[in-house]
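**Student:** Numbered by this note's numbering, the letters in the sequence shown go through residues 20 to 173 in order. Even glycine gets a Cβ: it sits at the ideal position worked out from N, Cα and C. So that we are looking at the same thing, I have put the structure below in structure tokens.
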Amino acid sequence: MAVTTATPETAPEQDDLLLEHQLCFALTVASRSVVGAYKPVLEKLGLTHPQYLVMLSLWESSPRTVKNISDALAQEPATISPLLRRLESAGFITRRRVDGNERALAVELTPSGAALRDQALAVPGTMMERLGLTREQVADLHASMMALIAATSR
């Protein structure tokens, strides 16, 4: 069966199923590409991209509970737990039970984890340079992505 693409005389909806017009495809490829671009930058810090996200949340506020971190990162606690174990093994965080709540774990930066923030300050600028984006373009892309996230949450 031959597939034809739309001509100027056909309805624009005929092009809606072209791969190049798929938002999901563009987002998937962009996400994979951007995360891949972070890899060599984060390796210098001894972090993977998911670990970097956890550290960002802790640099904003420490201590935090595992649930609080998972909510901030829009990830399940079961996804966050292995990352925390590796960060603890690396000496960047500690985990302890929350007083009065045996089920909750508090995650806190160690002095080494807090000091890593100074090195990480170079990451956003390095990434903007690698991706050829200005701070304003990053802010615009971020706003667009947050709008998409909000739209899918409704």
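Closest to proline 69 by C-alpha separation, out of Phe111, Pro59, Trp78 and Val54, would be which residue?
**Tutor:** Val54
**Student:** Whole angstroms are fine: how far does the CA of valine 117 sit from the CA of lysine 58?
**Tutor:** Rounded to the nearest angstrom, the two C-alpha atoms are 33 Å apart.
**Student:** To the nearest angstrom, how far is it from the Cα of glutamate 62 to the Cα of proline 143?
**Tutor:** 14 Å
**Student:** Are the Cβ atoms of methionine 147 and valine 157 separated by less than 9 Å?
**Tutor:** Result yes, Cβ atoms of methionine 147 and valine 157 sit closer than 9 Å.
**Student:** What is the C-beta distance between leucine 92 and serine 76, in whole angstroms, given that I count them as a contact (C-beta under 8 Å)?
**Tutor:** About 6 Å separates the beta carbon of leucine 92 from that of serine 76, a gap short enough to meet the 8 Å contact definition.
**Student:** If we call anything under 9 Å between Cβ atoms a contact, is leucine 66 one with leucine 135?
**Tutor:** Cβ atoms of leucine 66 and leucine 135: closer than 9 Å.
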